[in-house]
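Q: Quick one: the structure is below, and I'll ask about it shortly.
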Amino acid sequence: MVPEISSLVRRSTFALIALASVGVDVAAGDGRAVGQSICFAAIWIVVAAVVAQFVPIPSDPRSKPPLWLFLLLFGLALAPFGVEPLRRNWTGDGYPLEIQMVCSLRNVGLGLAICAGWLLCLRLACVTSLFLILFSASMTNHPAVMVVLGMYTATGSIWLMITYWSGLRLVFVAPEKAVTVELHDAGERAPWLGLSFLIFFLGLALALVLVGPRRASYALGEWMPTSGGTGATDMFARYGVGDGPEETAGDNAKAAGMVETDKMIEDNKNSLIDAVNDLYGPPHKPNKDMERMVAAGKLDVIQFHGKLPDNKRPSRDFDTGRKGPKGNPKPKSQGARGVFEVQGRTPLHIRLVAYEIYEPVEKRWLEACKPVSKLIEAQGGDWMKLGFFKPNDWYLADERHQLKVAELKSNLVPTPSLLTHFRINKVDKSDYYEWDYEGVLALAGRKRTPPGIIVTTDCRTVDPLRLPKSAFGTVGATNGSSPKLGDIPLIIHPEIQKLARDWAGEHPRGWLQIDAIQRKLLSEYVLDLNATAPPEHPAPVMWFLTESRRGPDYLFASAFALMLRALDYPTRICMGYYASPDAYDPETAHTPVKVTDLHFWPEVLLLDGHWMVLEPTPGYVVLGPTLPLFERILDAFVFLIAWLYSHIVKFILLFGLLFTGWIYRRDLFDSLAFLIWTWFPGKTWREQVRGAVTVLERRGRLSGKARKCRQTFICWLRESLLKSSGPDADIYQITLMAQWAAYGQEAPPPWSQSEVLNVCHRVLGSWTLKRWRNAPSDFPNGDKS
Amino acid sequence: MSILTDDVQTNLTSQGALLEGIRVELNRALRGKADVVEKVIACLLARGHLLLEDLPGLGKTTLAKAIAFAVGGNFSRVQCTPDLLPGDITGFSVFNQKTREFEFLSGPVFSDVLLADEINRTTPRTQSALLEAMAERQVTVDNIKHTLTPMFFVIATQNPVEHHGTYPLPEAQLDRFAMKLAVGYPEKSDELGLLAAAIGHVDDPPSQKSVLVKGQLAGLQERVSKVLVQPNVQEYLVDLGRATRVHPKVTLGLSPRGLLIWQRVAQAWAFLKDRPFVTPDDIQDVAIPVLSVRLGLAPDAASNIINQLLETVPVPV
Chain Y
28 MVPEISSLVR RSTFALIALA SVGVDVAAGD GRAVGQSICF AAIWIVVAAV VAQFVPIPSD
88 PRSKPPLWLF LLLFGLALAP FGVEPLRRNW TGDGYPLEIQ MVCSLRNVGL GLAICAGWLL
148 CLRLACVTSL FLILFSASMT NHPAVMVVLG MYTATGSIWL MITYWSGLRL VFVAPEKAVT
208 VELHDAGERA PWLGLSFLIF FLGLALALVL VGPRRASYAL GEWMPTSGGT GATDMFARYG
268 VGDGPEETAG DNAKAAGMVE TDKMIEDNKN SLIDAVNDLY GPPHKPNKDM ERMVAAGKLD
328 VIQFHGKLPD NKRPSRDFDT GRKGPKGNPK PKSQGARGVF EVQGRTPLHI RLVAYEIYEP
388 VEKRWLEACK PVSKLIEAQG GDWMKLGFFK PNDWYLADER HQLKVAELKS NLVPTPSLLT
448 HFRINKVDKS DYYEWDYEGV LALAGRKRTP PGIIVTTDCR TVDPLRLPKS AFGTVGATNG
508 SSPKLGDIPL IIHPEIQKLA RDWAGEHPRG WLQIDAIQRK LLSEYVLDLN ATAPPEHPAP
568 VMWFLTESRR GPDYLFASAF ALMLRALDYP TRICMGYYAS PDAYDPETAH TPVKVTDLHF
628 WPEVLLLDGH WMVLEPTPGY VVLGPTLPLF ERILDAFVFL IAWLYSHIVK FILLFGLLFT
688 GWIYRRDLFD SLAFLIWTWF PGKTWREQVR GAVTVLERRG RLSGKARKCR QTFICWLRES
748 LLKSSGPDAD IYQITLMAQW AAYGQEAPPP WSQSEVLNVC HRVLGSWTLK RWRNAPSDFP
808 NGDKS
Chain B
610 MSILTDDVQT NLTSQGALLE GIRVELNRAL RGKADVVEKV IACLLARGHL LLEDLPGLGK
670 TTLAKAIAFA VGGNFSRVQC TPDLLPGDIT GFSVFNQKTR EFEFLSGPVF SDVLLADEIN
730 RTTPRTQSAL LEAMAERQVT VDNIKHTLTP MFFVIATQNP VEHHGTYPLP EAQLDRFAMK
790 LAVGYPEKSD ELGLLAAAIG HVDDPPSQKS VLVKGQLAGL QERVSKVLVQ PNVQEYLVDL
850 GRATRVHPKV TLGLSPRGLL IWQRVAQAWA FLKDRPFVTP DDIQDVAIPV LSVRLGLAPD
910 AASNIINQLL ETVPVPV
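Protein chains in written order, with this note's numbering: chain Y, 28 to 812; chain B, 610 to 926.
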């Protein structure tokens, strides 16, 4: 039986390919704003939706699609390759080859969805959409793509339900009414295509079982063409599978950069790890600049006599089983993009210096003292554990990050706050580490952390709302806090205290009180990096709080810390690096942190001795815990509502416009079609009549009184229009004209061209879409039987 | 306003009068069956043969006689029985004692209108005697071909109720008919009129008059054959024919000969509507009588299945 393709199936298929198109555009847009990518995709989708209105729906879905469709799809497939050179030439921007190919496939998918009336096109459109969404999901892990993927999954489920019910409806239909044309010659041939697919999927399943999904997915990735590039010959090319910076773990180390290899390449640089090589011979005399190094065994080191390139940029890591290209090429040099790079969830605050005492004379903060001792215990596998973490309800699950050092000038080991475990490859003793300040880890005995070091960290996350009142100690009473953590210069103490109490309002001591002050700063103060207090002003913090209400981040941090001290909270401020989510690079899946990302923030000491990061500066946020799905959805919903509320006028206008457009979409389409016919009615009288009849037919279809498959225009017009309007000379005339135009001989017609146009105009003018809709409910629909 | 050009209009005026005359005569003979009469005329103009399948006494023979009279041709009637021989239809050779030669005595097939009444009562062998006559308008007896009249037209009747002692027509025979029609019972008013008209008449039926003279029917048939069928309409026709061949409930798909006949009947149908070209509506209008005779369908399902086929294939626009 021929499965009936209902409009719902067609529309859900179109929705699938539309979502896949959005996913592709978001994934393809390197560095482009997500909104912009969605807008680009929306343009394509809207164009496709408009074109779909003009594509005929065949009465027999199994019929062979017409030739023009193949030509159209071929043109759509080629379009991106034709447009790309022009784009590169005019805008200077461009896509790599694989993105062009996917754009081509997206065009084909949209074209197929437009022609989903044909079963073949419908099926191909579904398969194409699936491929596109999988491709976009594998290309990037951008949250927007994940959202689109979720929507695609939901829509796909609906699609399955609709097609299932369409199939059932055919089963239950009366045999006399079922459409029963079926070709039986298929059974005589072996189903080679089906067998090929079966073998392919069996192979795929076998591969998944034998080598695991990860390696299988890499193998599948090999099927994708890449631009083959490193950017050397084509500035728009990207790394793809089969090329790239050759960063591999395993025995055959080629990494000169940020990857944790099992084997080390020995060079003459002042690295963290060095071999104990007998070739040096006793007595070994280290050069005077040599820093402390981790000793590695001979078997861990590979002798390399050439010059190793610098590689201070992370890239995608490849599986150890991956075969590199032939010829064993040297890795490319890659300059550092920042001081270090973060792999993992951001935002992240990386402490560099902690300040505890505010000096009122010099109007500056003084650095904190070095901590007496903080226990670092070595665990297996080079992991270090901080043994002073007590289990508390307000801490949530550990969050893992990798911080890859590129160009640090100090011996800092970059770690987030609330650190519980950390690891550096091959560094297996705790005395390689020391604390510069509380919560600021450094490499002991070294001036500088070498590039290429990867610090893997586990840190707790905290949900402030779960913090009880008892979590916050008072100055001097908190574990490990000194009385200086509550110091406020006398000159500003009364004012600060009054302001803090005013802002805290009636909130009880605890997070709500802190949050009230933080909200005030976030909402009523402006971040202005260029704002500085007048030199003669006795207290820049008060100038910021009471006069300017704008200032750089250190004034936000200072003001907040001092106000909390006025409320008897032990606080300090920290300078460090802020890994912003905005800097995330989807290509390498890392967030580079640059020197310019230096930032100040306050911290409050919790009763268990840990410093909790606060963020009063507008535009900066603290990494929160990974919320359950429901809470994330709720948060997103609340954010959406808030966003809509903040853009309420635009939203109402846009919504009103879209709603009105949706309500009157049929009238709009009809008006557009009528205008097109009016402007371009056709050269010959036949074209004019056919165009007019097409407009009439569309009106009938839009008003739910479509022409049936077996009806000729003439029969349909006569039965519908004449029966509902009574005798009408124009309708009768146009039926004769339409009949002659469709089936008559080429002889000159018995009408003049102007007469034809006049009749068509009069019929189209009098038989408007509204009149079609208002036709009687027992409007004949042309059932001749 | 007519869609015909002036010269065509003039030509058709005379032939329109002829056709109207035939209509009047046939409608007088068969009351209240204008639609059946119209299709019979279409069949006649398309040079097809007609199979009437209905109950006895509904006017099948009357209609056949009326056609013969109206077109001004000879009329022969064969009452088919099981003992009827092929020679009884085609004719046979007899030995002339005087000339000492065989002479051919022509049978009833050598007429302009042949009524084969209750054709399914005779044996297949005798039925097959009509095959050559219907398809090629000739008969071969003793290896000698005898040409029939150009306007040779067979009207066969069969009774769908009685099955005892009947021989269903073979498919090859059925395919040579252009149409199968059922006359059906007339309306009450028509039956009243029929009774009223019979008062005072001894003869049954009332006398008929000829409308056409020799050659005029051939002229009309030639004009029908020139009615235009555009390629898109022909493609539609072919698509319909192919659809019959893949339909699971159709035991015998439409043959190319069937397609040719369907086109001719559609031409005749358009001609009867004063239109110089065929539209898909013409094809659909004659689909049921043309297809039901040759698709091997059960009589009660034929109409539904043919309508399904018509619903399946989109009309050209």
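Backbone N, C-alpha and C fix where the C-beta goes; we use that ideal spot for every residue, glycine too.
In this structure, how does DSSP classify A907 (chain B) when only helix, strand and coil are distinguished?
A: Three-state result, A907 (chain B): coil.
Q: Mind listing which residues of the segment 649-679 of chain B have their C-beta closer than 8 Å to chain Y's C-betas, in chain order?
A: Hits within the stretch: zero.
Q: Note down, in chain order, each residue of its chain lying with its Cβ closer than 8 Å to the Cβ of E844 (chain B), except the 5 sequence neighbours on either side.
A: Result list for E844 (chain B): P925, in chain order.
Q: Between K858 (chain B) and the rest of its own chain, which residues show a CB-CB distance below 8 Å, the 5 nearest in sequence each way excluded?
A: Counting only Cβ-Cβ distances below 8 Å, and skipping sequence neighbours, we find L906, A910, I914.
Q: With a floor of 3 residues, list each beta strand (DSSP E) that falls wholly inside the segment 660-738 of chain B, ordered by position along the chain.
A: The segment 660-738 of chain B contains these whole beta strand (DSSP E) runs: 684-688, 700-705, 710-715, 722-726.
Q: Which first and last residues belong to the alpha helix (DSSP H) in which H520 (chain Y) is found?
A: That run of the alpha helix (DSSP H) goes 520-531.
Q: Measuring from the CB of S34 (chain Y), is there a heavy atom of the ligand FAD at a distance below 7 Å?
A: Only the bare structure without any ligand can be found here, which leaves the ligand FAD out of the picture.
Q: In the DSSP assignment, find the unbroken alpha helix (DSSP H) run with E551 (chain Y) in it and report its ends.
A: Counting along the chain, the alpha helix (DSSP H) containing E551 (chain Y) begins and ends at 538-551.
Q: Compare the C-alpha of R659 (chain Y) against each of Y:L151, Y:P170, Y:S163, Y:V454 and name the closest.
A: Ranking the options by Cα distance to R659 (chain Y), first place goes to Y:P170.
Q: Please state the DSSP three-state secondary structure of W794 (chain Y).
A: Three-state DSSP puts W794 (chain Y) in coil, outside helix and strand.
Q: Please report whether the beta-carbon of D890 (chain B) lies at a distance below 8 Å from any beta-carbon of chain Y.
A: Closer than 8 Å: yes.
Q: For the segment 477-490 of chain Y and the segment 523-535 of chain Y, state whether three or more C-beta atom pairs, one from each stretch, are separated by less than 8 Å.
A: Too few Cβ pairs lie closer than 8 Å, so no.
Q: Judging by CA-CA distance, which residue of Y:G136, Y:L151, Y:S33 is the nearest neighbour of W192 (chain Y)?
A: Comparing Cα-Cα distances from W192 (chain Y) to each of Y:G136, Y:L151, Y:S33, the minimum goes to Y:S33.
Q: Could one say the Cβ of Q736 (chain B) lies closer than 8 Å to chain Y's Cβ atoms, at least one of them?
A: No, because no Cβ of chain Y sits closer than 8 Å to the Cβ of Q736 (chain B).
Q: For the segment 134-151 of chain Y against the segment 93-100 of chain Y, do three or more pairs of beta-carbon atoms, one drawn from each stretch, fall closer than 8 Å, so that the two count as touching?
A: Judged by Cβ distances under 8 Å, the segment 134-151 of chain Y makes contact with the segment 93-100 of chain Y, as three or more pairs qualify.
Q: May I ask you to list the residues that DSSP assigns as paired with T618 (chain Y)?
A: Answer by DSSP bridge pairing, in chain order: Y:V369.
Q: Which residues does DSSP pair with M639 (chain Y) in a beta bridge?
A: Its beta-bridge partners are Y:V631.
Q: Let's see if you can read the secondary structure: which residues bound the alpha helix (DSSP H) around A55 (chain Y)?
A: Here the alpha helix (DSSP H) through A55 (chain Y) covers 34-55.
Q: Where in the segment 559-620 of chain Y do unbroken runs of the alpha helix (DSSP H), each at least 4 residues long, occur, reported from the N-terminal end onward?
A: Here the runs fully enclosed are 580-593.
Q: I741 (chain Y) touches chain B at which residues, Cβ-Cβ below 8 Å?
A: Ordered by position in chain B, the residues that pass the 8 Å Cβ test against I741 (chain Y) are T888, D890.
Q: In chain order, what residues of the same chain lie with their CB nearer than 7 Å to the CB of Q3 (chain Y), ignoring the 5 residues before and after it?
A: Since the first residue of chain Y shown is 28 and the last is 812, residue 3 (chain Y) is not available in this structure.
Q: Spell out whether any CB of chain Y is found under 8 Å from the CB atom of L714 (chain B).
A: It does not; no Cβ of chain Y falls within 8 Å.
Q: Is E920 (chain B) close to chain Y? Criterion is C-beta to C-beta, closer than 8 Å.
A: So, interface residue.
Q: When you compare the CB of R372 (chain Y) with every CB in chain B, is at least one pair closer than 8 Å?
A: False, the Cβ-Cβ gap to chain B never drops below 8 Å.
Q: In the structure shown, what three-state DSSP assignment does P352 (chain Y) receive?
A: Below a pLDDT of 50, predicted positions are generally treated as unreliable, and P352 (chain Y), at 43, falls in that range; the measurement from the model is reported next regardless. Here P352 (chain Y) sits in coil by DSSP.
Q: Who are V489 (chain Y)'s beta bridge partners in DSSP?
A: Paired residue(s): Y:Y422.
Q: Using a threshold of 8 Å, state whether the C-beta atoms of T731 (chain B) and C689 (chain B) are closer than that.
A: Yes, they are a contact pair.
Q: Would you kindly report the start and end of the unbroken beta strand (DSSP E) that includes A381 (chain Y)?
A: Element bounds for A381 (chain Y): 375-386.
Q: For the candidate residues Y:V369, Y:D458, Y:K390, Y:V366, whose alpha-carbon lies nearest to that of M411 (chain Y)?
A: Of Y:V369, Y:D458, Y:K390, Y:V366, the residue nearest in Cα terms is Y:D458.
Q: What are the boundary residues of the beta strand (DSSP E) that includes E394 (chain Y)?
A: It spans 391-394 - the beta strand (DSSP E) in which E394 (chain Y) sits, taken as one unbroken run.
Q: With distances taken from CA atoms, which of B:L881, B:F880, B:R854 is nearest L868 (chain B)?
A: Looking at the Cα atoms, B:R854 is the closest of the given residues.
Q: How far does the alpha helix (DSSP H) with M764 (chain Y) in it reach, from first residue to last?
A: Taken as a continuous stretch (DSSP letters only), the alpha helix (DSSP H) holding M764 (chain Y) covers 756-770.
Q: For S747 (chain Y), decide whether its Cβ has a neighbour in chain B, counting only Cβ atoms nearer than 8 Å.
A: Not one chain B Cβ lies under 8 Å of S747 (chain Y).
Q: If we define contact as Cβ-Cβ less than 8 Å, is V924 (chain B) a contact residue for chain Y?
A: Yes, V924 (chain B) lies at the interface with chain Y (some Cβ there is under 8 Å from its Cβ).
Q: What does S33 (chain Y) reach in chain B if we use C-beta pairs closer than 9 Å?
A: Within 9 Å Cβ-Cβ: nothing; S33 (chain Y) doesn't reach chain B, min ~17 Å.
Q: Does chain B have any CB closer than 8 Å to the CB of S779 (chain Y)?
A: It does not: the Cβ of S779 (chain Y) has no partner Cβ on chain B nearer than 8 Å.
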